[in-house]
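In short: position in the sequence shown from 1, add 1, done, that's the numbering used here. By construction, the Cβ of each residue, glycine as well, lies at the ideal position given by its N, Cα and C atoms. Since the structure is predicted, the reported quantities are computational estimates derived from the model, not experimental observations. This report concerns only the one structure given below.
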Amino acid sequence: MADSYAEQEARISRALEDYTSGKNQNLSALTREYRVNYQRLRRRLIGLPSKIGNQNRLRLLTRAQEDAIIRIIDSLRRYNIKLNGKDIEDLANLLLWR
């Protein structure tokens, strides 16, 4: 079974610890030992971040628009109006069309 992205990143972190501590300075050997992708390990070594927690992802809504949706949801909850995912998506689309 394929490993999850988080498991792969954890193994990459352990491989980088070995590399920086001087235990093993050979990237190819580290990729075999920790069963990780060579290019991904190399990118982490030169400082490129993983996708986990990366805030540079493509965003359709601005922070202000997201806050507006949250305020709308909160105000509707005060009246016991519950929104499902489709309702929230429709709210977002309304903001995007304006």
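query: Should residue 35 and residue 12 be called a contact, given that it needs their Cβ atoms to be closer than 7 Å?; result: yes
query: Could you name each continuous alpha helix (DSSP H) segment of 4 residues or more that falls completely within the segment 9 to 35, going from the start of the chain to the end?; result: 28 to 35
query: Express the C-alpha separation of residue 61 and residue 73 in angstroms, rounding to a whole number.; result: 18 Å
query: Determine whether the beta carbon atoms of residue 71 and residue 92 lie at a separation below 7 Å.; result: no
query: What did DSSP end up calling residue 6 once you bin it into helix, strand or coil?; result: helix
query: In this structure, does DSSP put residue 52 in helix, strand or coil?; result: coil
query: Would DSSP call residue 87 helix, strand or coil?; result: helix
query: Please return the same chain residues whose Cβ sits closer than 7 Å to the Cβ of residue 9, not counting the five positions on each side in sequence.; result: 37
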